[in-house]
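Reviewing the structure listed below.
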Amino acid sequence: MEKTLIFGHQKPDTDAVTAAIVLSYLKNQLGENTEPRVLGDINKETKFVLNHFGFEIPKYLNDVRLQIKDVDYINDCFLHETDSIFKGYNYMNETKIGTIPVISENKDYLGAVSMKDVAGNLISGNLGQINTSYDNLLEALQAEEILRFDKEITGEIIVPSYRSTTFKELIKIDENSVLIVGDRHSIIEYAVNNKASIIILTNNVEMKPEHLEIARKNKVDVIRTKYDGITTANLVVLSNYIKDKVKKEEIIAVNENDSLYDVLELANKKKFSNYPVLDNNGKCLGIFKANISDNKHPKKVILVDHNEKEQSVIGLDEAEIVEIVDHHKIGNIGTSMPINFRNMPLGCTETILYLMYKENNVDIPKDIAGLMLSGIISDTLLLSSPTTTETDKKALKDLARIAEVDYEKYGMEMFKAGSSIEGMSINEVIHIDFKNFIIDNQKLGIGQISTMSTEEIMSKQDEFIETLNDIARNEDYTAVALFVTDILKNGSYVLFNEDSKEVFSGSFNVENIEEAHFFDGLVSRKKQMVPKIMNYLDNK
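The sequence shown begins at 754 in the working numbering and counts up one residue at a time.
Laid out in structure tokens, this is it:
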């Protein structure tokens, strides 16, 4: 069953991370195959939560772009280095593929060989030498095994054209000789006595018993074919190892994890049709044909705690969104088909998931309940946020019972663990929980940090403002701000880039607003901060 990836937004907070884990557990209990992921580094609060309830940090997900492995490329399409040119030629004809990868015994990619290379071997190759195996000769010549002593066959090809006496005078036969011969028994006798490497009998000729006995004694390999001398000579050349015709530098190989569209762009420039597909260890998996790239299998994804493209994973347009569970305003994500979209005006995504567990009659384990209550505590600031609903309160109390947690005491420990900024840069603090919004083609960036010790941040007010100015200028923001939410005072200070002073004065109806202005009761970015700013920019 194909795996579905579940993840929150790019700046993963406690609700986004725990919701991905919690929903993945629910889906898997219902018989689906899902895996939670994160889109970035998690903050200290979330690390505390995962550690407290015994969970590993979900794997990082860089993007969900279509990759070569998401396309029906031709699996296991390759030749082994010990295969013959003859086999390679037939394989190309069967598959209708003009360039075939060649691999080692361990499936390491060695290069590729083309129909052009095979044709070139018949015209300009070394037609007098052989480097192959006994089995390759049998296959190419459709031959019969008479005597076998060697696995590998190498040497100089000899096809007698002189009379026997002249041949013996002019031609030296030794252990490096590959003799192609018909019923010329005196030459056969000469060859077995001189320990030829192999004797290839044409036209189904039989050796005399006495010559066969000498061949056996001197360990001379012997095979017999139905073909005549000329045909046999041509096929013997084709029995050579394919590895001797391999090219690597001229052939472009791709990795199974490469972006499909990057490879298609490369194919458009290079005009090659076939590309060997490798894994991260250099093993060959098959071959990608640029003209079959329409057979795509997009990654299946479920979004939690967000539904805006700007906040989601890279390449979302190339994935198949199968479900969204969120408690924010409906954003700009569209789908090509109807999906399950659970969007409710609650204080936390985890509260929605709590309802989904109940609806599906799935028991909530103790550790999962711990994650769920942590998400609710984080997003509702321990039920003090104006986004808090009676449903959130009921869910939190029930989850605390299941998890056997004093949620008020635990919540303060969680906030304390998450609010420390020790060792963090100014830029890192701003981006702990930072979200982008597009309002009438204007870019808005709002960061928020909830803390029990606002002095740590306010003592560096000038440095924060300078960094906000740099972010706004370098990243083309109309307004960018950091709201410092004091958990104990239930309000927030605001720091903003200097050019956006008018925006924040107008948004919050504060004439000539100053940096670090304190708003009593302002704690929710979703319900209080962003709506006011959006309303101002929409009506400006």
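Yeah, the Cβ is synthetic: ideal placement off N, Cα and C, and Gly gets one too.
In this text the structure is predicted, and so the values were computed from the model without any measurement.
**Report entry** Cβ-based burial, phenylalanine 1025 [other Cβ within 10 Å; buried from 16]
**Finding:** If you number the sequence shown from 1, residue 1025 lands on position 272. Its Cβ having fewer than 16 others within 10 Å, phenylalanine 1025 is exposed.
Requested in this report: Tell me whether the beta-carbon of isoleucine 1105 lies closer than 8 Å to the beta-carbon of valine 1075.
Outcome: For the purposes of this step, residue 1105 is taken as residue 352 along the sequence shown, with counting starting at 1. For the purposes of this step, residue 1075 is taken as residue 322 along the sequence shown, with counting starting at 1. In this structure, valine 1075 does not lie closer than 8 Å to isoleucine 1105 by Cβ.
Query raised in the report: With 16 other CB atoms within 10 Å as the buried threshold, where does asparagine 1060 fall?
Result: Locating residue 1060 in the sequence shown gives position 307, where the first residue counts as 1. With 16 or more Cβ atoms within 10 Å of its Cβ, asparagine 1060 is classed as buried.
Query raised in the report: Would the beta-carbon of leucine 779 fall within 8 Å of that of tyrosine 1110?
Result: As a working note, residue 779 is residue 26 in the sequence shown. As a working note, residue 1110 is residue 357 in the sequence shown. Their beta carbons are under 8 Å apart, which means leucine 779 touches tyrosine 1110 by this criterion.
Query raised in the report: Got a sec? Which residues, its chain only, sit under 7 Å from glycine 807 by beta carbon, not counting five neighbours each side?
Result: As a first step, residue 807 is located in the sequence shown; it is residue number 54 there, counting from the start. Shown here for glycine 807: same chain residues with a beta carbon closer than 7 Å to its own, the five before and five after excluded, namely Asp1120 in chain order.
**Report entry** Per-residue DSSP class, three states only, for histidine 805
**Finding:** Walking along the sequence shown from the start, residue 805 turns up at place 52. Helix, per DSSP.
Query raised in the report: Since lysine 1042 is in the beta strand (DSSP E), which residue starts that stretch and which ends it?
Result: Numbered from its first residue, the sequence shown carries residue 1042 at position 289. Note, lysine 1042: beta strand (DSSP E), 1037 to 1042.
Query raised in the report: Using the C-alpha atoms, what's the distance from glutamine 1214 back to histidine 739?
Result: What the structure shows of the chain is the stretch from 754 to 1293, and residue 739 is not part of that stretch, so it cannot be assessed.
Query - Element boundaries [alpha helix (DSSP H), containing aspartate 1132] - result: As a position in the sequence shown, residue 1132 is number 379, starting the count at 1. Residues 1119 to 1133.
**Report entry** Residues near leucine 1152 in its chain [Cβ-Cβ closer than 6 Å; skip 5 each side]
**Finding:** The residue labelled residue 1152 in the question sits at position 399 within the sequence shown. Hits under 6 Å: Ala1122, Met1125, Leu1126.
Query raised in the report: Which residues in the same chain as aspartate 936 place their Cβ atom closer than 6 Å to its Cβ, once the five residues preceding and following it in sequence are excluded?
Result: In the sequence shown, counting from the first residue as 1, residue 936 sits at position 183. Result list for aspartate 936: Val958, in chain order.
Report task. Measure the beta-carbon distance from lysine 996 to valine 855 and round it to whole angstroms, keeping in mind my assumption that it falls under 8 Å. Result -> Against the sequence shown, residue 996 aligns to sequence position 243. Against the sequence shown, residue 855 aligns to sequence position 102. Yes, they are in contact, since the Cβ atoms of lysine 996 and valine 855 sit about 6 Å apart, within 8 Å.
Query raised in the report: What does DSSP give as the partner residues of threonine 852 in its beta bridges?
Result: As a first step, residue 852 is located in the sequence shown; it is residue number 99 there, counting from the start. According to DSSP, which records beta bridges pairwise, threonine 852 is partnered with Ser867.
Query raised in the report: Between glutamate 1009 and leucine 1031, which are expected to be in contact by the criterion C-beta below 8 Å, what is the C-beta distance as a whole number of angstroms?
Result: Here residue 1009 is taken as the residue at index 256 of the sequence shown, counted from 1. Here residue 1031 is taken as the residue at index 278 of the sequence shown, counted from 1. Confirmed, about 7 Å.
Report task. Indicate the three-state DSSP secondary structure (helix, strand or coil) for asparagine 1008 in the structure shown. Result -> Here residue 1008 refers to the residue found at position 255 when the sequence shown is read from its first residue. Strand, per DSSP.
Query raised in the report: Which partner residues does histidine 1270 have in the DSSP bridge list?
Result: Reading the sequence shown from its first residue, position 517 is the one you call residue 1270. Note: histidine 1270 sits in a beta bridge opposite Val1247.
Query raised in the report: Where does proline 962 sit, in a helix, a strand or coil, going by DSSP?
Result: In the sequence shown, the residue the question calls residue 962 occupies position 209. Of the three classes helix, strand and coil, the one that applies to proline 962 here is helix, per DSSP.
**Report entry** Where histidine 938 sits in the DSSP three-state scheme
**Finding:** The residue given as residue 938 occupies position 185 in the sequence shown. Reduced to three states, the DSSP call for histidine 938 is helix.
Query - As assigned by DSSP and simplified to three states, the class of tyrosine 1028 - result: As a working note, residue 1028 is residue 275 in the sequence shown. The answer is strand: DSSP assigns tyrosine 1028 an E or B state.
Query raised in the report: At a cut of 8 Å, does the segment 1257 to 1267 reach the segment 1194 to 1203 through at least three beta carbon pairs?
Result: Taking a contact to require three or more Cβ pairs closer than 8 Å, the segment 1257 to 1267 and the segment 1194 to 1203 do not qualify as touching.
**Report entry** Identified DSSP bridge partners for leucine 776
**Finding:** On the sequence shown, residue 776 is found 23 positions in, with the first residue counted as 1. Note: leucine 776 sits in no beta bridge, so no partner.
**Report entry** Beta-bridge partners of arginine 1095, as assigned by DSSP
**Finding:** Stepping through the sequence shown from its first residue, residue 1095 is reached at position 342. Beta-bridge pairing links arginine 1095 to Val1078.
Query - Nearest-angstrom Cα separation, counted from isoleucine 795 out to isoleucine 1086 - result: Numbered from its first residue, the sequence shown carries residue 1086 at position 333. Numbered from its first residue, the sequence shown carries residue 795 at position 42. The alpha-carbon atoms of isoleucine 1086 and isoleucine 795 are separated by roughly 24 Å.
Report task. Under 8 Å by Cβ, that's how I've got valine 770 and threonine 799 pegged, so tell me the actual separation to the nearest angstrom. Result -> Within the sequence shown, the letter at position 17 stands for residue 770. Within the sequence shown, the letter at position 46 stands for residue 799. Sure, about 5 Å apart at Cβ, within 8 Å.
Requested in this report: Measure the beta-carbon distance from valine 1016 to valine 1007 and round it to whole angstroms, keeping in mind my assumption that it falls under 8 Å.
Outcome: Taking the first residue of the sequence shown as position 1, residue 1016 is located at position 263. Taking the first residue of the sequence shown as position 1, residue 1007 is located at position 254. Right, the Cβ-Cβ distance comes to about 5 Å (below 8 Å), so this counts as a contact.
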